[in-house]
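First the structure, in the form of C-alpha cells, and then the observations on it.
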Amino acid sequence: MIQSMTGFGKHVLQLPGKKITVEVKSLNSKSLDINARVPQVYREKELELRNTIAQALNRGKIDFSLYVESNGEEASTRINQSVVRDYMAQLGEISQGEELRLLEMALRLPDTLKTEREELDPKEFAQIQEAVSKALEALIVFRSEEGLTLEADFNQRIENLQELLKEVVARDTERLSAVRERLEKAVADLQEAADPNRFEQELIYYLEKYDITEEKVRLNKHLEYFLNTMNSEASNGKKLGFISQEIGREINTIGSKANDATMQRLVVQMKDELEKIKEQMLNVL
Numbered sequence: 001m002i003q004s005m006t007g008f009g010k011h012v013l014q015l016p017g018k019k020i021t022v023e024v025k026s027l028n029s030k031s032l033d034i035n036a037r038v039p040q041v042y043r044e045k046e047l048e049l050r051n052t053i054a055q056a057l058n059r060g061k062i063d064f065s066l067y068v069e070s071n072g073e074e075a076s077t078r079i080n081q082s083v084v085r086d087y088m089a090q091l092g093e094i095s096q097g098e099e100l101r102l103l104e105m106a107l108r109l110p111d112t113l114k115t116e117r118e119e120l121d122p123k124e125f126a127q128i129q130e131a132v133s134k135a136l137e138a139l140i141v142f143r144s145e146e147g148l149t150l151e152a153d154f155n156q157r158i159e160n161l162q163e164l165l166k167e168v169v170a171r172d173t174e175r176l177s178a179v180r181e182r183l184e185k186a187v188a189d190l191q192e193a194a195d196p197n198r199f200e201q202e203l204i205y206y207l208e209k210y211d212i213t214e215e216k217v218r219l220n221k222h223l224e225y226f227l228n229t230m231n232s233e234a235s236n237g238k239k240l241g242f243i244s245q246e247i248g249r250e251i252n253t254i255g256s257k258a259n260d261a262t263m264q265r266l267v268v269q270m271k272d273e274l275e276k277i278k279e280q281m282l283n284v285l
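Note that UniProt numbering has the sequence shown beginning at 1, numbered continuously upward.
Here it is in C-alpha cells:
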C-alpha cells in the first residue's frame, strides 16, 4: 500500500497553566528535511524530538511546530522589589514627591523587572513526547488516505497502458506485413533484377530491426511489476520511480522501431499516460 508524502497531523495537550499544541506538516521531497520550531525552554530536547520524527517519517519536507499558550496563572517575569524600593528611596532623597509618582519613575529604571528562567519538567516533556507521537500518527493516517487516491489513479493509468499495449500487439502483425510490402515495392520500382536469396536476407535483416517482440514482453512484465510493488505492504516511491523509468525505456524503443503511423499514435498515448504517472510519483513516499 502506497502512502503520499503530503500530510498533516495535530494534537493539543492541556496542562495546568498552559496549553501545548503540536503540529506536523509534510510535503514531497527526495530526502528527509525537518524544519522545527520549538520554544526556548524545550530547545535542549530538540534533537530528541527530531529523532522521533525521523523514525516515524522516512521522507518528506517536514514542518514541525510546538506552540505553548500560557493561561496567565503563572508569570515568568516578576518585579524586582528590592531594586524598586532602593530606587524610590534614592529618588525621595533627591526630591519630595508622591509615592505613586516615585514608583512610576522607579519602574522605568534598569533591572526593575527580572525574568525567571523556566526549568524543563521531565514529566511534562514525557507528555509532550506522547503528544508528538499522536500528531505523527494522525499525519500517517492522512498520508495513507491520500495514498489510496494515488493508488486508484495509478491503477487506472496502468490499466490504460495495458490496453494500449494490447492494441500495439494487435497492430504488430499488420505492421510487419506493411513493412515487407513497402520494401518489395521499393525494389520493384528500381526496375532492376534482384537476387531473390540476397533480397530475402536483407528483408529479414530489416524486419529484425523493426521487431518489437522483446519490448512487448518486457513492457508487460514491467507493468505487472509496478502493480505488485504498489500493492506490497511497504510504500516504496523510489522503487516505483525506477520501474516507471524502465516502462518509459520500453515505450521509447517501441516508438523508435515502429515505422508505422498507427503504432506511433499508440506510443504517443502511452507516453502521455506514463507522464501522468511520473507527475503523481513525486508525491509517493
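Every residue, glycine too, gets a C-beta built ideally from N, C-alpha and C.
Can M263 and I254 be called in contact, C-beta distance under 9 Å? Their beta carbons are under 9 Å apart, which means M263 touches I254 by this criterion.
What span of residues does the alpha helix (DSSP H) with A89 cover, start to end? Counting along the chain, the alpha helix (DSSP H) containing A89 begins and ends at Q81 to I94.
Taking the alpha carbon of E23 as the reference point, which residue from N197, D86 and L136 has its own alpha carbon closest? In terms of Cα proximity to E23, the closest of N197, D86 and L136 is L136.
Return the CA-CA distance between V38 and A234, expressed in angstroms with no decimal places. One C-alpha to the other measures close to 31 Å.
Beta-carbon within less than 7 Å of R157's beta-carbon, same chain only, minus the 5 sequence neighbours each way: which residues are those? Cβ within range, chain order: E273, K276 and I277.
Per DSSP, the bridge partner or partners of V24: Answer is G9 and F64, bridged to V24.
Using beta-carbon positions only, say whether G92 and L102 come within less than 9 Å of one another. Between G92 and L102, the gap from beta carbon to beta carbon is short of 9 Å.
Given a cut-off of 9 Å on the beta-carbon distance, is the pair residue 307 and N28 in contact? Residue 307 lies beyond the residue range present for the chain, which begins at 1 and ends at 285; the question has no answer from this structure.
Do L66 and L47 have their beta-carbon atoms positioned less than 9 Å apart in this structure? No.
Confirm, please, whether the CB-CB distance from T52 to S133 is below 9 Å. Going by C-beta atoms, S133 is nearer than 9 Å to T52.
Measure the beta-carbon distance from N71 to L32 and round it to whole angstroms, keeping in mind my assumption that it falls under 8 Å. Between L32 and N71 the Cβ distance is about 36 Å, and since that is not below 8 Å, they are no contact.
Need the endpoints of the alpha helix (DSSP H) that L102 sits in, please. Looking at the DSSP string, the run of the alpha helix (DSSP H) that includes L102 is E99 to L107.
Helix, strand or coil for L49 per DSSP? Residue state, collapsed to three classes: helix.
With distances taken Cα to Cα, identify the nearest neighbour of V83 among R108, S232, L223 and Q162. Closest by alpha carbon: R108.
Around the C-beta of T173, are 16 or more other C-beta atoms found within 10 angstroms, so that it is buried, or is it exposed? That one is exposed.
Identify whether R175 lies in helix, strand or coil by the three-state DSSP scheme. Helix, per DSSP.
Local Cβ density within 10 Å of E151, reported as buried at 16 or more and exposed below that: Classification of E151: buried, given that the 10 Å Cβ count is 16 or more.
Please return the same chain residues whose Cβ sits closer than 7 Å to the Cβ of T229, not counting the five positions on each side in sequence. Once the five neighbours on either side are set aside, the close Cβ partners of T229 are N236, K239, L240 and I243.
Does the beta-carbon of E146 have 16 or more other beta-carbons within 10 angstroms, so that it is buried, or is it exposed? Classification of E146: buried, given that the 10 Å Cβ count is 16 or more.
Determine the closest residue to L167 out of S26, I79, K30 and L266, with distance taken between C-alpha atoms. Checking the displayed sequence, the identity of residue 167 turns out to be Glu instead of Leu. That would be L266, whose Cα lies nearest to the Cα of E167.
Cβ atoms of K18 and V12: under 9 Å apart, would you say? Going by C-beta atoms, V12 is not nearer than 9 Å to K18.
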